[in-house]
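Numbering (the numbering used here), first residue to last: 130 to 227. Glycine included, C-beta positions come from ideal geometry on N, C-alpha and C.
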Amino acid sequence: MGTLGCINDMMRRDKENRELRNRNRERMNETHNCLIEVGKGRGLPDVSAEDIDHIRKNTMEKERYDNDRLFRMKLIFAVVMGVVFLLCYVAYVLIINR
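If you want it as structure tokens, here you go:
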């Protein structure tokens, strides 16, 4: 490729890059404007301190209830597994040791 071809190729790439930069700049401006609009739409929450305390109290109550229920379920599972183990042991002793 001669010098003229290199220069033409360089000018073509420069033009393409300029167009890409302009498109990217427009896209960034659109994104920036969208983010600004999203930020404007939010207001302060209108929840009073009493409501927050009530919500916190209810949450703690529910967590306590869930923990108690989980403990009971684990306890029941352990008892059932113990009974199954004992039944298997008794069956083993009666059948194998005869």
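Which of the three DSSP states, helix, strand or coil, is assigned to residue i?
i, result
"Asp143", "helix"
"Asp230", "The structure shown does not extend to residue 230, since the chain is modelled only from 130 to 227, so the question has no answer here."
"Gly131", "coil"
What residue range does the alpha helix (DSSP H) around residue i cover?
i, result
"Asp197", "178–225"
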